[in-house]
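Report on one structure; see the data block that follows.
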Ligand code: MF3
Ligand code: CO
Ligand code: CO
């Protein structure tokens, strides 16, 4: 499979789905409180997407049944929404992919439940910085591998580790396209970035060891093997003539 260069029309479509995915995460903000169940948050996201004429890409994807992945604390990613009630002091990731008119936009972010300790705050901050440093590597002619190189350098500098079992991915016309975007990579490795590419960067950074284990019961929820915290942020990125646009960054964080 090859990396798809998107046309102007396709980019407009991906822009819309990306915006709606980001708006879904913003909508959920006010509901993140101690006591709410992750399955309730998933329902809110699902209803919001439907109300806006979108479909959640995860529903029916390889047998996955939910509109979001909700990953608290030591859950690295693919947390299956369930009866777990968020607790004061939790950190939690919500990941959503919206399909609008056949185009895909994919994003995730962390939320704080009540007051969070400094240890958790720092992990989230550094993970977000990893994503932003990776975005700086996004311009035509640069190596894709420099994204993962930048992420790993920053994470390791702070004593954290980069999850290597899950990657970012091309996105837009399908949920997961080429290329695989590794979050730990060699400098100046991989294909060159070109205008019109759209892909996600979604580093998962662990406070302890990088390795994950998938829940045997639900077959999806991936946790850190040492039970330590994990954080993740994800944007859908478009490579432009001179650099990039973060299509899911509706707050202009970057
Ligand atoms: N949205 C996730 C990603 O960033 C993929 C979730 S697939 C699922 O690639 F099936 F676990 F939902
Ligand atoms: Co993704
Ligand atoms: Co995602």
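Residue numbers (the numbering used here): 251 to 504.
Glycine included, every Cβ here is placed at the ideal spot set by N, Cα and C.
query	result
Closest by C-alpha distance to residue 510, when choosing among 273, 453, 345 and 291	Outside the displayed span of the chain (251 to 504) sits residue 510, for which this structure offers no information.
beta-carbon residue 380 near ligand 1 non-hydrogen atom, thresh 6 Å	no
Beta bridge counterpart(s) of residue 370 as assigned by DSSP	According to DSSP, residue 370 bridges with nothing at all.
Local conformation of residue 360 per DSSP, three classes	strand
Segment limits, beta strand (DSSP E) that includes residue 432	First-last for residue 432: undefined, no H or E at that position.
Per-residue burial, residue 442 [other beta carbons within 10 Å of its own, 16 or more giving buried]	exposed
Cβ distance (whole Å) where residue 451 is taken to contact residue 374 below 8 Å	Rounded, the Cβ-Cβ distance is 16 Å, inconsistent with contact.
Nearest neighbour of residue 491, chosen from 251, 474, 335 and 392 [CA to CA]	392
Beta-bridge pairing of residue 531 - partner residues as DSSP gives them	Only positions 251 to 504 of the chain appear in the structure, and residue 531 is not among them; the question remains open.
Range of the contiguous beta strand (DSSP E) that encloses residue 451	448 to 451
Coarse secondary structure for residue 494, derived from DSSP in three states	strand
Heavy atom of ligand 1 within 6 Å of residue 468 beta-carbon	no
Any non-hydrogen atom of ligand 3 closer than 6 Å to residue 292 Cβ	no
CB of residue 326 within 7 Å of CB of residue 496, strictly	no
Start-end ranges of the beta strand (DSSP E) lying completely within the stretch 269 to 340, minimum 3 residues	318 to 322 and 325 to 327
Contiguous beta strand (DSSP E) assignments of at least 3 residues, all confined to the stretch 465 to 492	472 to 474, 480 to 482 and 485 to 489
Cβ pair count under 8 Å reaching 3, the stretch 344 to 364 against the stretch 298 to 312	yes
Residue 255, buried or exposed, once every other Cβ within 10 Å from all chains shown has been counted against 16	exposed
Per-residue burial, residue 251 [other beta carbons within 10 Å of its own, 16 or more giving buried]	exposed
Chain-order list of residues whose beta-carbon lies under 6 Å from that of residue 263 (same chain, five-residue window excluded)	351 and 353
Contact under 7 Å by Cβ, residue 440 with residue 395	yes
Burial state of residue 323 (16 or more Cβ within 10 Å)	buried
Coarse secondary structure for residue 258, derived from DSSP in three states	helix
Alpha-carbon to alpha-carbon, residue 479 and residue 337	15 Å
Own chain partners of residue 268 with C-beta closer than 6 Å, once the 5 adjacent residues on each side are dropped	355, 486, 497 and 498
Beta-carbon proximity check, residue 333 vs residue 287, cutoff 7 Å	yes
Proximal residues to residue 343 (C-beta, below 6 Å), its chain only, five neighbours per side dropped	321, 358, 360 and 482
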